[in-house]
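Residue numbers (my numbering): 65 to 241.
Glycine included, every Cβ here is placed at the ideal spot set by N, Cα and C.
A quick note: this is a predicted structure, and the numbers were derived from the prediction, not measured.
Below is one structure, written out as C-alpha cells; the observations come after it.
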Ligand SMILES: [Cu+2]
C-alpha cells in the first residue's frame with residue numbers, strides 16, 4: 065500500500081467518525097459528556113432566536129438540552145454581516161453559566177476534537193458565519209441548572225464593532241430538534 069492509499073483510508077475513517085459522532089465519546093476531561101453534541105449536519109430548529117444589531121442579522125440561535133451528567137452545554141447561531149466593514153464576535157456571556165467559550169471542531173488524525181477559538185470569530189463584511197454542530201459552537205461551562213428542553217438560555221453576544229446584543233436562546237432536545 066502506498067502513501068496515498070494510506071491517506072485515503074485515514075480520510076474515510078475520519079468521514080465515518082464525522083457522520084456518527086462516535087469519536088466524541090473518546091474524549092476525556094473537560095470535554096467529557098459531550099456525546100449529545102453529535103455531528104449530524106442539520107438546519108437550526110424552528111423557533112430559534114433571531115436578532116438585529118447594526119449591520120448584523122442574527123438567526124438560528126439555540127442551545128441543546130444537556131444529557132444527565134453532562135457538565136457542559138452547546139449553543140449554535142448564525143450571523144450575517146450585511147455591512148461594508150468586517151466585524152468580529154469577541155465573546156459571549158450568559159447568566160446561566162459561569163463562562164461561555166467559543167469552540168471549533170477540528171479533525172485530529174481520525175478523531176474529531178473541539179478546541180477553544182482564541183481571539184474571537186471573524187464576521188467579514190458580506191459574509192454569513194454559522195456556528196453549527198460540525199463547525200463551531202458556544203460552549204457553556206459551569207452551568208448553574210442543566211439546560212432542559214422547552215427552557216431558554218439568556219446570552220449576550222459582544223462584537224468588536226457592532227457592540228452587544230442580548231438574546232434568549234431556546235433549549236431544544238439533546239439531539240438538536
Ligand atoms: Cu466545546
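**Q.** Rounded Cβ spacing between residue 181 and residue 151 (contact assumed at less than 8 Å)
**A.** Actually they do not touch by this definition, with Cβ atoms about 15 Å apart.
Q) Roughly how many angstroms lie between the CA atoms of residue 95 and residue 136, to the nearest whole one? A) The predicted model places residue 95 with a pLDDT of 46, which falls under 50 and marks its position as unreliable, so this point remains unresolved.
Q. Which value, in whole angstroms, describes the spacing of the CA atoms of residue 171 and residue 239?
A. 21 Å
**Q.** Span of the beta strand (DSSP E), counted from its first residue to its last, around residue 186
**A.** 185-187
Q) In the DSSP assignment, what residue or residues form a beta bridge with residue 155? A) 222
Q. Which residues in the same chain have their Cβ closer than 7 Å to the Cβ of residue 189, if we skip the five residues on either side of it in sequence?
A. 145, 147, 148, 149 and 150
Q: Starting from the C-beta of residue 65, find all residues in its chain whose C-beta is less than 6 Å away, skip the five residues before and the five after it, and write them out in chain order.
A: Per-residue confidence for residue 65 stands at a pLDDT of 44, beneath the threshold of 50, marking its modelled position as unreliable; no derived number is given.
Q | Status (buried if at least 16 other CB within 10 Å, exposed otherwise) for residue 179 | A | exposed
Q) Per DSSP, residue 174 forms a beta bridge with which residues? A) Bridge partners of residue 174: none, in fact.
(Q) Tell me which residues share the same chain as residue 200 and place their Cβ nearer than 6 Å to its Cβ, disregarding the 5 neighbours each side in the sequence. (A) 168
Q: Report all residues from its chain with a CB closer than 6 Å to the CB of residue 118; omit the five preceding and five following residues, and keep chain order.
A: 226, listed in sequence order.
**Q.** Straight-line gap, residue 127 to residue 154 (C-alpha atoms, nearest Å)
**A.** 19 Å
Q.
Just to check my reading of the structure: residue 165 and residue 208 have Cβ atoms closer than 8 Å, yes? What is that Cβ distance to the nearest angstrom?
A. Residue 165 to residue 208, Cβ: 16 Å. No contact.
Q: Quick one: using the 10 Å Cβ neighbour count with 16 as the cut-off for buried, is residue 228 buried or exposed?
A: exposed
(Q) Suppose you measure from the CA of residue 129 to the CA of residue 211; what does that come to, to the nearest Å? (A) 5 Å
Q: With a 10 Å radius around its C-beta and 16 neighbouring C-beta atoms as the bar for buried, classify residue 131 as buried or exposed.
A: exposed
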